[in-house]
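Chemist: At position 36 of the sequence shown the residue is numbered 46 (our numbering), and the sequence of numbers has no breaks.
Backbone N, C-alpha and C define an ideal beta-carbon position, used for all residues, glycine too.
Next up is a structure, given as structure tokens.
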Amino acid sequence: MKSNLIIIGNGFDVWQGLETSYSKFKDYYYEHRKSIMKRMFIRMHEIKWYDGHNQQLSDVELIYGHPFNPDELSCEFWNTFETSLGNVEDENINYFFGKEKSDLKELSKSVKNARKILTKAFVDWVRTIDIPEVEQQYQFNNTCTFLNFNYTDTLQKRFNVREKDIYFIHGNARKKKSIIFGHSSMPEPPLLLMKRFGGRFEGLYYISNMLYLTDKHISENIRDYIYYLAGSAINSKDIKNVYVLGHSFGEVDFEYFRFLIDATRETAQWNISCYNAEDEECVKSTMKKLKFSNYKIFKTIDDCISDFRA
Numbered sequence: 011m012k013s014n015l016i017i018i019g020n021g022f023d024v025w026q027g028l029e030t031s032y033s034k035f036k037d038y039y040y041e042h043r044k045s046i047m048k049r050m051f052i053r054m055h056e057i058k059w060y061d062g063h064n065q066q067l068s069d070v071e072l073i074y075g076h077p078f079n080p081d082e083l084s085c086e087f088w089n090t091f092e093t094s095l096g097n098v099e100d101e102n103i104n105y106f107f108g109k110e111k112s113d114l115k116e117l118s119k120s121v122k123n124a125r126k127i128l129t130k131a132f133v134d135w136v137r138t139i140d141i142p143e144v145e146q147q148y149q150f151n152n153t154c155t156f157l158n159f160n161y162t163d164t165l166q167k168r169f170n171v172r173e174k175d176i177y178f179i180h181g182n183a184r185k186k187k188s189i190i191f192g193h194s195s196m197p198e199p200p201l202l203l204m205k206r207f208g209g210r211f212e213g214l215y216y217i218s219n220m221l222y223l224t225d226k227h228i229s230e231n232i233r234d235y236i237y238y239l240a241g242s243a244i245n246s247k248d249i250k251n252v253y254v255l256g257h258s259f260g261e262v263d264f265e266y267f268r269f270l271i272d273a274t275r276e277t278a279q280w281n282i283s284c285y286n287a288e289d290e291e292c293v294k295s296t297m298k299k300l301k302f303s304n305y306k307i308f309k310t311i312d313d314c315i316s317d318f319r320a
């Protein structure tokens with residue numbers, strides 16, 4: 011019987027010394043951007059500035075930055091990468107490209123390219139993360155089931171957790187087509203009627219469709235997780251303890267926590283590690299919204315999982 015649900019966030023891999031922060035993805039993206047685009051037969055945009063110097067940028071910078079003042083993307087974009095994918099200046103993009111047939115063709119091409127480039131870069135980066143074997147002082151027994159928001163095999167390689175006890179809700183690096191990333195602000199496709207109207211409406215359709223395609227589609231992921239639980243004979247009513255290790259409780263994942271808390275509200279105590287005061291405030295805010303009070307906050311992952319110390 012599974013009585014412990016352990017939720018794994020990116021902070022867990024960082025705690026293990028892995029280079030999985032979005033700042034590392036930013037470095038990988040800029041280092042490999044040109045080679046990725048070359049393999050995909052996508053050209054760079056040549057920006058000519060007033061002082062005479064030229065700058066090469068991709069559709070990623072054009073769509074996710076400011077098209078009238080294009081430059082490399084801000085640190086804020088990378089620090090909140092998944093949320094940032096849902097925050098585009100749709101009106102600026104629409105006016106930048108224009109409303110004629112040829113303009114709309116370029117807009118459609120650019121939003122597709124931006125998504126393709128970022129997806130290729132992200133999947134490639136995830137698959138480069140090295141996980142050397144390191145002896146651990148924790149041992150998770152067979153009462154544990156894991157919900158993993160990461161893409162890595164850290165649990166298997168370092169903690170000898172069985173594959174069948176782990177559910178990768180956003181996919182696994184070993185299966186590149188399974189990898190899911192994105193925001194949660196556009197779960198429904200745009201109205202096709204917008205495209206038929208043409209002009210600015212058609213432009214907004216292309217932008218909205220890109221936002222739909224970069225949405226995580228959380229409800230579908232939750233549905234698949236429920237199927238996994240049923241197929242593994244795991245009953246949420248048997249869960250007595252929930253451990254959240256290294257998850258920031260960001261707004262993009264709010265619906266996951268709504269589902270998980272509703273499923274364990276009557277039976278389980280939640281134990282949550284927080285990296286800093288900002289994370290702690292996010293946890294408290296989430297719990298307040300969900301009207302849940304049976305939780306404890308720990309300053310470190312080590313403190314949070316002390317019960318599993320070998």
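Please specify which runs of the alpha helix (DSSP H), each continuous and at least 4 residues long, are wholly inside the region 121-172, giving them in chain order.
Modeler: Runs of the alpha helix (DSSP H) inside the region 121-172: 164-169.
Chemist: Which word fits residue 27, buried or exposed, when buried means at least 16 other C-beta atoms lie within 10 angstroms of its C-beta?
Modeler: So residue 27 counts as exposed.
Chemist: Please say whether residue 162 and residue 139 have beta carbons closer to each other than 8 Å?
Modeler: Yes.
Chemist: Take residue 69 as the anchor and find which of 43, 318, 289, 285 has the nearest alpha-carbon.
Modeler: Checking every option, the nearest Cα to that of residue 69 belongs to 43.
Chemist: In the DSSP assignment, find the beta strand (DSSP E) that holds residue 227 and state where it starts and stops.
Modeler: Unbroken run through residue 227: none, as it is neither H nor E.
Chemist: In angstroms, rounded to a whole number, what distance separates the CA positions of residue 79 and residue 283?
Modeler: If I take the Cα positions, the gap works out to 40 Å.
Chemist: Please say whether residue 23 and residue 224 have beta carbons closer to each other than 8 Å?
Modeler: Cβ distance not < 8 Å, so residue 224 and residue 23 don't count as in contact.
Chemist: For residue 266, does the count of other Cβ atoms within 10 angstroms reach 16, so buried, or fall short, so exposed?
Modeler: The residue in question, residue 266, is buried, as its Cβ has 16 or more Cβ neighbours within 10 Å.
Chemist: Could you give the distance in angstroms between the alpha-carbon of residue 236 and the alpha-carbon of residue 271?
Modeler: Approximately 14 Å, taken between the alpha carbons.
Chemist: Would you mind working out which of 123, 166, 141 sits nearest residue 149, comparing C-alpha positions?
Modeler: Considering only alpha carbons, the answer is 166.
Chemist: Extract the residue ranges of the beta strand (DSSP E) inside the region 27-91, only unbroken runs of 3 or more that lie entirely within it.
Modeler: For the region 27-91, whole beta strand (DSSP E) runs of length 3 or above, ordered along the chain, are 55-58, 64-67.
Chemist: Taking only three categories from DSSP, how would you classify residue 309?
Modeler: Three-state result, residue 309: coil.
Chemist: Give me the Cα-Cα distance between residue 112 and residue 75, rounded to the nearest whole angstrom.
Modeler: Approximately 22 Å between the Cα atoms of the pair.
Chemist: Does the Cβ-Cβ distance between residue 15 and residue 171 come in under 8 Å?
Modeler: Their beta carbons are not under 8 Å apart, which means residue 15 does not touch residue 171 by this criterion.
Chemist: What are the boundary residues of the alpha helix (DSSP H) that includes residue 203?
Modeler: Counting along the chain, the alpha helix (DSSP H) containing residue 203 begins and ends at 202-207.
Chemist: DSSP on residue 259, reduced to helix/strand/coil?
Modeler: Three-state DSSP puts residue 259 in coil, outside helix and strand.
Chemist: What are the start and end residues of the alpha helix (DSSP H) that includes residue 179?
Modeler: Counting along the chain, residue 179 falls outside any alpha helix (DSSP H), and DSSP gives it neither H nor E.
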